[in-house]
Structure formats: structure tokens, C-alpha cells
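Set out below in C-alpha cells:
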């Protein structure tokens with residue numbers, strides 16, 4: 024089998040079926056933002072695509088074996104530590120990492136679109 028390279032193009036999202044979901048009610052902090060996941064590549068232990076979300080905030084808990092790299096295309100997000108006293112703000116053109124075992128709050132300050140790569144190993 025020959026592997027094929029993949030183009031992740033945000034302008035072609037209309038051609039993909041997005042999975043629509045919302046944060047779990049028990050994790051909501053602010054709003055009830057709709058999230059669209061355009062999963063463009065799935066492989067055991069790794070997935071990537073383009074993710075979009077409305078303004079809002081919810082608590083996240085990453086497993087010890089899960090991590091995410093992402094680059095913001097549009098909008099602004101904040102990752103708050105568990106103490107909720109410090110955060111990292113990531114805006115269009117910038118990238119971030121959610122490390123294994125991260126516990127905190129994911130806040131969408133401005134509607135966001137981002138590339139994501141999630142690895143579970």
C-alpha cells in the first residue's frame with residue numbers, strides 16, 4: 024500500500040461532513056458553544072483536521088496518554104490552568120500545545136477555527 028499526502032485546506036470545508044457537538048453540561052463554564060469538527064485524517068493513535076467553535080468556555084481533562092498540537096486560523100482561545108489565575112492566549116497565526124494530563128479551562132474568546140492534531144499513545 025502506498026501512502027498519500029493530505030492537504031488540509033480550510034477553504035474546502037463545505038465539502039466535508041462536520042461532526043457537531045457541545046461541551047458536556049457538567050463541564051460548562053460560560054455559554055453553550057456549538058463545536059464543528061472536520062476530521063480529515065484518522066489513524067490509530069492520531070487524528071487531525073479543522074475545528075471550529077463559537078464563543079464560550081468549558082473545563083477539559085486530558086488523559087495521561089493524550090496530547091494536542093493546534094494552530095489557530097481565525098479567532099482567539101485561552102487555556103486556563105486549574106487555579107484559573109493564569110492562562111495562555113493563542114490567536115490567529117499562533118500555535119499551542121495541550122500536554123498530556125492537562126486539566127483546566129478551554130475558553131473561546133472570539134469564534135475560532137483551528138488546525139488540530141491529537142495524539143493518543
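Numbering (this note's numbering), first residue to last: 24 to 144.
Note that the Cβ used here is the ideal one computed from N, Cα and C, for glycine as well.
On a predicted model such as this, the values are computed, not experimentally measured, just so you know.
Expressed to the nearest angstrom, what Euclidean distance is found between the alpha-carbon atoms of residue i and residue j?
i: residue 35; j: residue 98; result: 19 Å
i: residue 67; j: residue 143; result: 8 Å
i: residue 20; j: residue 64; result: The first residue shown for the chain is 24 and the last is 144, placing residue 20 beyond what the model contains.
i: residue 33; j: residue 49; result: 31 Å
i: residue 61; j: residue 107; result: 30 Å
i: residue 81; j: residue 120; result: 17 Å
i: residue 31; j: residue 70; result: 12 Å
i: residue 103; j: residue 111; result: 7 Å
i: residue 24; j: residue 83; result: 38 Å
Under a Cβ-count criterion, where at least 16 other Cβ atoms within 10 Å of its own Cβ denotes burial, should residue i be classed as buried or exposed?
i: residue 73; result: buried
i: residue 116; result: exposed
i: residue 113; result: buried
i: residue 133; result: exposed
i: residue 53; result: exposed
i: residue 126; result: exposed
i: residue 122; result: exposed
So for residue i, helix, strand or coil by DSSP?
i: residue 109; result: coil
i: residue 32; result: coil
i: residue 49; result: helix
Thinking just about the alpha-carbon of each residue, which of the options is nearest to the one in residue i?
i: residue 79; options: 140, 141, 135; result: 135
i: residue 85; options: 29, 43, 137, 129; result: 129
i: residue 75; options: 26, 40, 88; result: 40
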